[in-house]
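Visitor: Below are the structure tokens for one structure; questions will follow.
There are 4 protein chains.
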Amino acid sequence: MAFRQKNKKEKKTRIVEAAAKVFARRGFSGTLVADIAVEAGIGKGTLYEYFDSKEDLFFAVFEWFVQKTGAEAKVSISALGGSASERLEALTESLMHSWVELEDLYSLVMEFWSASASSQMRERFKQAFREGYGDFRHIVSALIREGIERGEFRPDVDAASVAAALVGTWDALLLQAWFDEAFNPLTTAKRFMTVLIRGLAG
Amino acid sequence: MAFRQKNKKEKKTRIVEAAAKVFARRGFSGTLVADIAVEAGIGKGTLYEYFDSKEDLFFAVFEWFVQKTGAEAKVSISALGGSASERLEALTESLMHSWVELEDLYSLVMEFWSASASSQMRERFKQAFREGYGDFRHIVSALIREGIERGEFRPDVDAASVAAALVGTWDALLLQAWFDEAFNPLTTAKRFMTVLIRGLAG
Amino acid sequence: MAFRQKNKKEKKTRIVEAAAKVFARRGFSGTLVADIAVEAGIGKGTLYEYFDSKEDLFFAVFEWFVQKTGAEAKVSISALGGSASERLEALTESLMHSWVELEDLYSLVMEFWSASASSQMRERFKQAFREGYGDFRHIVSALIREGIERGEFRPDVDAASVAAALVGTWDALLLQAWFDEAFNPLTTAKRFMTVLIRGLAG
Amino acid sequence: MAFRQKNKKEKKTRIVEAAAKVFARRGFSGTLVADIAVEAGIGKGTLYEYFDSKEDLFFAVFEWFVQKTGAEAKVSISALGGSASERLEALTESLMHSWVELEDLYSLVMEFWSASASSQMRERFKQAFREGYGDFRHIVSALIREGIERGEFRPDVDAASVAAALVGTWDALLLQAWFDEAFNPLTTAKRFMTVLIRGLAG
DNA sequence: CATGAATGAGGCTTCATTCAT
DNA sequence: GATGAATGAAGCCTCATTCAT
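Residue numbers (the numbering used here), protein chains in the order written: chain A, 9 to 210; chain B, 9 to 210; chain C, 9 to 210; chain D, 9 to 210.
Written as structure tokens, this is what we have:
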């Protein structure tokens with residue numbers, strides 16, 4: 009039974025991953041449940057053994073994506089050492105690197121935004137985004153505050169505001185990379201961070 | 009005939025504005041053509057005298073939106089005087105202020121992103137975004153470069169990178185305001201700009 | 009516009025009549041909405057301009073049927089003259105005659121019963137049946153009471169009970185005719201009424 | 009092996025009884041095979057070891073029901089003594105009493121009617137009903153003829169017609185009780201029988 | 001020009017049945 | 001024998017688009 013459970017969970021994940029691919033390719037509305045089934049290599053009806061509806065599955069993809077990317081970010085942060093500046097720079101680099109492996113799935117992010125704006129699941133999504141952004145802002149804010157306490161950054165810096173803006177900046181750089189293949193988010197981010205950190209250090 | 013043209017154009021705009029409202033409320037997929045017709049106070053069939061399809065109308069809304077917001081931004085910029093720092097700060101303020109009147113329509117932005125990610129019109133949208141971002145980056149970049157030339161900002165600042173990041177930051181702050189009513193984009197932006205400008209000035 | 013309205017109502021009735029035929033042939037579950045559309049000579053989607061769902065249409069068929077048969081019964085009754093006995097006999101005859109033109113649609117009755125027993129519309133149906141039976145019992149009861157008052161029937165007859173039983177008997181005779189082609193409801197009813205009326209007259 | 013057979017038969021009956029409950033609650037179409045399995049406390053697949061299809065099982069429920077109620081009726085009749093009138097009255101009472109224990113399953117009757125009207129098994133059902141009604145009419149007819157022969161009832165009474173009507177009346181009274189909780193089939197039947205028997209005795 | 005009734009392709013979901021374990 | 005996960009045919013309903021008025 010324990011084995012069974014594991015299989016069931018694994019299969020659920022397999023379906024979610026297949027769905028992620030298709031949703032990324034065609035968007036929520038453009039995706040047919042049948043396409044997901046094909047991608048997952050299962051029958052159409054089997055999907056409904058694991059998820060109640062297309063929307064449910066989409067939300068599961070969202071959670072999977074948040075988990076996946078959030079986990080990476082957290083790993084990066086906890087693995088960091090050195091001064092606050094160094095850690096901010098390393099974090100930036102790590103996030104911009106994630107772009108490479110995220111590229112194929114990045115359009116999912118737009119679908120999630122869109123869903124949070126107008127789908128019937130809007131509240132579920134909005135809340136999750138709010139929380140996700142909140143968490144991340146919190147982490148970055150703590151990092152900056154640590155820099156202030158260490159005397160590395162100026163005491164009059166408003167950590168919360170900088171954190172909020174910075175988190176947004178990272179996101180927006182990936183967004184621009186999505187729109188424009190010629191855009192290099194990593195280089196851009198690094199050069200920008202040099203300026204910002206100088207501003208923090210005063 | 010000139011008169012007719014004008015009437016026709018006005019009506020077209022009225023439809024686009026009505027459509028914008030409904031698309032903002034319900035998203036592209038969630039919007040019924042019939043709803044738009046009701047909002048515009050015309051018959052469903054009449055829509056098709058002015059637009060070839062729902063997608064066409066949506067793209068017209070997009071163009072209208074870009075025009076509208078772009079025009080505002082350009083007005084702000086051209087009206088600015090003073091040092092580069094002052095102008096950057098004024099621009100920030102002006103953009104964050106636009107939030108107030110944009111709030112109701114902001115979810116359109118997400119729909120546009122989503123459309124650029126997966127709709128059948130994706131290329132049309134992607135290109136427009138690329139160009140829009142490009143234009144805006146260009147303007148901000150020029151502003152920063154001016155600051156460098158005036159000796160206000162450090163010569164080693166990479167204007168293009170800072171511009172790209174900054175444009176993204178503004179966008180992302182509005183996004184966070186959308187998700188989180190408690191979030192104040194104006195204050196956050198101002199405090200952040202203080203730090204950034206210090207970094208630029210070195 | 010008045011003309012429009014009339015057309016709309018007529019079309020609605022046409023659809024109901026087409027639906028009645030198909031439901032009678034195949035039952036509620038066995039009927040495809042598409043079949044009804046074909047029978048009505050309209051597109052599948054057009055149905056939904058007139059009815060919200062298959063169930064709604066089915067209930068409309070029910071109401072149409074009740075109206076149709078109820079109207080006949082009422083006409084028969086009001087047209088009757090003579091003694092109470094004569095009127096009871098004439099009513100019996102009229103009802104059993106209705107069998108001839110009802111035969112094709114009679115299976116609808118079973119569908120209605122079934123729907124009142126277990127469909128999601130059960131309460132709507134149950135109530136309608138309760139009311140329909142109640143009305144009819146009332147009419148027959150009044151007829152019997154009139155017979156008592158005229159001295160034609162015994163004063164100790166319980167009009168309500170006899171009416172309830174009689175109304176049921178008529179129904180059940182048609183039911184048996186439905187199951188058994190060899191069964192003649194008219195003759196059976198007449199012979200039975202002779203006995204019953206003798207019992208009433210005492 | 010004999011033992012096995014018995015177990016198998018018992019289990020089959022258990023399934024049928026479970027199915028009867030569920031069909032009575034939700035009707036044929038509304039019932040899921042899975043629900044029956046749960047009610048019977050077995051696996052869904054196991055059902056198909058005992059019955060070929062949902063329809064088959066439904067017909068088995070029908071046969072079980074006919075057997076069950078028919079057996080009761082026959083017991084009542086054979087146990088009766090006294091004059092024909094007394095026996096008719098006793099039979100009436102016995103049948104109306106059966107209502108109490110049948111109430112929960114009564115909606116099955118409607119499902120059977122409905123099935124005989126339109127399901128794919130319609131002929132099987134129709135025939136069974138025809139036979140069932142026929143048998144019952146026969147028994148009642150014999151009872152009445154006995155009354156005639158004994159000189160208790162008038163010789164000009166058409167026993168077959170009265171029997172057919174009476175059988176229908178009983179049925180229809182239970183039906184009305186089903187629709188209308190306030191309706192008392194026993195009292196109604198008794199008062200009606202007083203009148204009818206007076207008519208028979210003339 | 002304007003309309004809205006009519007349309008039917010298309011999609012999500014259900015559920016009886018099968019079959020590998 | 002027993003099971004329940006997997007299946008896919010089938011059906012209800014939606015809604016962008018057309019076209020006769």
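Note that CB positions come from ideal geometry on N, CA and C, so glycine has one too.
Just the chain D side, please: which residues come within less than 9 Å of Lys134(C) by C-beta, in chain order?
Guide: Trp186, Phe187 and Asp188
Visitor: Quick check on Arg22(D): does DSSP put it in helix, strand or coil?
Guide: It is helical.
Visitor: For a quick check, are the C-beta atoms of Phe137(C) and Ala81(C) less than 8 Å apart?
Guide: No. Outside cutoff.
Visitor: So what's Gln135(A) in DSSP terms, helix, strand or just coil?
Guide: helix
Visitor: Closer than 7 Å to a non-hydrogen atom of the ligand HEM - does that hold for the CB of Gly49(A)?
Guide: Only the bare structure without any ligand can be found here, which leaves the ligand HEM out of the picture.
Visitor: Answer yes if the region 59 to 69 of chain B comes into contact with the region 167 to 182 of chain B, meaning at least three C-beta pairs across the two stretches below 8 Å, and no otherwise.
Guide: no
Visitor: Taking the Cβ atom as the reference point for each residue, do Pro193(B) and Trp72(B) lie within a distance shorter than 8 Å?
Guide: no
Visitor: Grouping DSSP H, G and I as helix and E and B as strand, with all else coil, what is Arg162(A)?
Guide: It is coil, neither helix nor strand.
Visitor: At which residues does the alpha helix (DSSP H) containing Gln128(C) begin and terminate?
Guide: Element bounds for Gln128(C): n/a, residue is neither H nor E.
Visitor: For Phe200(C), which option in Lys198(D), Gly53(D) and Thr177(D) has the closest C-alpha, if you only look at C-alpha atoms?
Guide: Thr177(D)
Visitor: What distance in whole Å lies between the Cβ atoms of Leu96(A) and Ile205(A), which are believed to be in contact at a cut-off of 8 Å?
Guide: At roughly 6 Å, the Cβ-Cβ gap stays under 8 Å, so Ile205(A) and Leu96(A) are in contact.
Visitor: How about Glu31(C) and Glu101(C): do their beta carbons lie closer than 8 Å?
Guide: Residue identity differs from the one stated: residue 31(C) is Phe in this sequence, not Glu. Their beta carbons are not under 8 Å apart, which means Phe31(C) does not touch Glu101(C) by this criterion.
Visitor: His103(C) lies in the alpha helix (DSSP H); which residues open and close that run?
Guide: According to the sequence provided, residue 103(C) is Leu. The question's His does not apply to it. Ala92 to Leu110 is the extent of the alpha helix (DSSP H) around Leu103(C).
Visitor: Does any C-beta atom of chain A lie closer than 8 Å to the C-beta of Arg153(B)?
Guide: no
Visitor: Which residues in chain D have a C-beta closer than 9 Å to the C-beta of Leu208(C)? List them in chain order.
Guide: Val203, Arg206 and Gly207
Visitor: What's the gap between the Cα of Ser149(D) and the Cα of Val41(C)?
Guide: 45 Å
Visitor: Could you give the distance in angstroms between the alpha-carbon of Lys198(A) and the alpha-carbon of Ala98(A)?
Guide: The alpha-carbon of Lys198(A) is positioned some 9 Å away from that of Ala98(A).
Visitor: When burial is assigned at 16 or more other CB atoms within 10 Å of the CB, is Asp179(B) buried or exposed?
Guide: buried
Visitor: Under 8 Å between beta-carbons, which chain D residues line up against Ala172(C)? List them in chain order, please.
Guide: Leu181, Gln184, Phe191, Thr196 and Phe200
Visitor: Check whether the Cβ of Ser149(B) lies closer than 8 Å to any Cβ atom in chain A.
Guide: It does not: the Cβ of Ser149(B) has no partner Cβ on chain A nearer than 8 Å.
Visitor: Could you give the C-beta distance for Phe36(D) and Ala123(D), rounded to a whole number, given that I count them as a contact under 8 Å?
Guide: 6 Å
Visitor: Leaving out five residues on either side along the sequence, give the residues of the same chain with a beta carbon under 8 Å from the beta carbon of Ser84(A).
Guide: Ala98, Leu99, Ser102 and Leu103
Visitor: Measuring only between beta-carbons, confirm whether Arg34(C) sits less than 8 Å from chain D.
Guide: yes
Visitor: Would a check of beta-carbon distances place Val165(C) closer than 8 Å to chain D?
Guide: yes
Visitor: Taking Gly159(A) as the reference, give the member of Thr39(A), Glu189(A) and Ala209(A) with the closest Cα.
Guide: Of Thr39(A), Glu189(A) and Ala209(A), the residue nearest in Cα terms is Ala209(A).
Visitor: For Lys43(A), which residues in the same chain have their Cβ closer than 6 Å to its Cβ, ignoring the five residues on either side in sequence?
Guide: Here residue 43(A) is Asp; the residue named in the question, Lys, does not match the sequence. Within the same chain, Asp43(A) has close Cβ partners Val30.
Visitor: Check whether the Cβ of Trp121(A) lies closer than 8 Å to any Cβ atom in chain B.
Guide: yes
Visitor: Tell me whether Ile205(C) sits in a helix, a strand or coil according to DSSP, three-state version.
Guide: helix
Visitor: Would you kindly work out how many angstroms separate the C-alpha atoms of Phe11(C) and Glu111(C), rounded to a whole number?
Guide: Bear in mind that a pLDDT of 49 at Phe11(C), under 50, signals an unreliable position, so the model cannot answer this.
Visitor: Are the C-beta of Arg138(B) and some C-beta of chain A separated by less than 8 Å?
Guide: yes
Visitor: Taking only the alpha-carbon atoms, compute the straight-line gap between Arg162(D) and Thr202(D) and give it to the nearest angstrom.
Guide: 16 Å
Visitor: Give me the Cβ distance between Ser126(C) and Ser126(D), rounded to the nearest whole Å; I'm assuming they're in contact under 8 Å.
Guide: Actually they do not touch by this definition, with Cβ atoms about 15 Å apart.
Visitor: For Asp164(B), count neighbouring C-beta atoms within 10 Å of its own C-beta (all shown protein chains included) and say buried if the count is 16 or more, exposed if not.
Guide: exposed
Visitor: Should Gly140(D) and Val74(D) be called a contact, given that it needs their Cβ atoms to be closer than 8 Å?
Guide: yes
Visitor: Going by the beta-carbon positions, is the gap between Arg22(A) and Ala45(A) smaller than 8 Å?
Guide: At the C-beta level, Arg22(A) and Ala45(A) stay beyond 8 Å of one another.
Visitor: Quick check on Gly38(C) - is its C-beta less than 8 Å from some C-beta in chain D?
Guide: At a cut-off of 8 Å between C-beta atoms, Gly38(C) counts as an interface residue with respect to chain D.
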